[in-house]
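A short worksheet on the structure shown next.
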Amino acid sequence: MFMEKKLFTFDEIKLKMVNYCTYQDRCHQEVEQKMREFMLIPEAKDEILLYLMRENFLNEERFARSYVRGKFYHKSWGRKKIVSHLKFKGVSEKLINIAMEEIDEEEYLEVLNKLTEKYINSLKSGTDFEKKQRAVRYLLGKGYELDVVQMSVNQYFNGRGSSL
């Protein structure tokens, strides 16, 4: 029992791709992946891609900036994780560097410090040394750089009056 694929006209596919890009910013890789579902010939894919770019439905820089803002301000990801995911999505190094300017250095450290405090306060058991190790591991997993993570964790324990 195979499901038959519904066939669409070129204009229907183009409209579907416009809607796909309008719903949220997309990168080229996501759009090309979506178009594979329609089994288009290469010329038709290229024509749709050009149309989407010309009409500004597909804008890689806008996507990268939006992605950085979303992952940092809503998910509290660090720079390393954001950059890694953008590279995986096929965004160029130049656009990644431009997009990373969306993150203000002061806010970056502020978010990291809040995340550090929240995570360490959520730990129920363990010595301060174990809590430090777990916090560092957690924050590195969120994509923050080792030097700022260590600074934030040490600042938390020193500010609390810990002997570590």
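Just remember that our numbering sits 622 ahead of the position in the sequence shown, which is counted from 1.
For glycine and all other residues, C-beta sits at the position ideal for the given N, C-alpha and C.
Because the structure is a prediction, the values reported are computed rather than measured.
Next on the checklist: Please report the straight-line C-alpha distance between Glu652 and Asp726, rounded to a whole angstrom.
Outcome noted: 28 Å
Checklist entry - If you run the structure through DSSP and keep just helix, strand and coil, what is Met661? => result coil
Checklist entry - Thinking C-beta only, is Asp647 closer than 8 Å to Phe685? => result yes
Next on the checklist: Taking its Cβ as the centre, do 16 or more other Cβ atoms sit within 10 Å of Thr749, making it buried, or is it exposed?
Outcome noted: It counts as exposed.
Checklist entry - So what's Phe679 in DSSP terms, helix, strand or just coil? => result DSSP, reduced to helix, strand and coil, places Phe679 outside both helices and strands of the structure shown, so it counts as coil.
Checklist entry - Applying the criterion that 16 or more other CB atoms from any shown protein chain within 10 Å of the CB defines a buried residue, is Ile663 buried or exposed? => result exposed
Next on the checklist: Is the separation between the beta-carbon of Tyr832 and that of Tyr760 shorter than 8 Å?
Outcome noted: Here the chain has residues from 623 to 786 only, and residue 832 is not among them.
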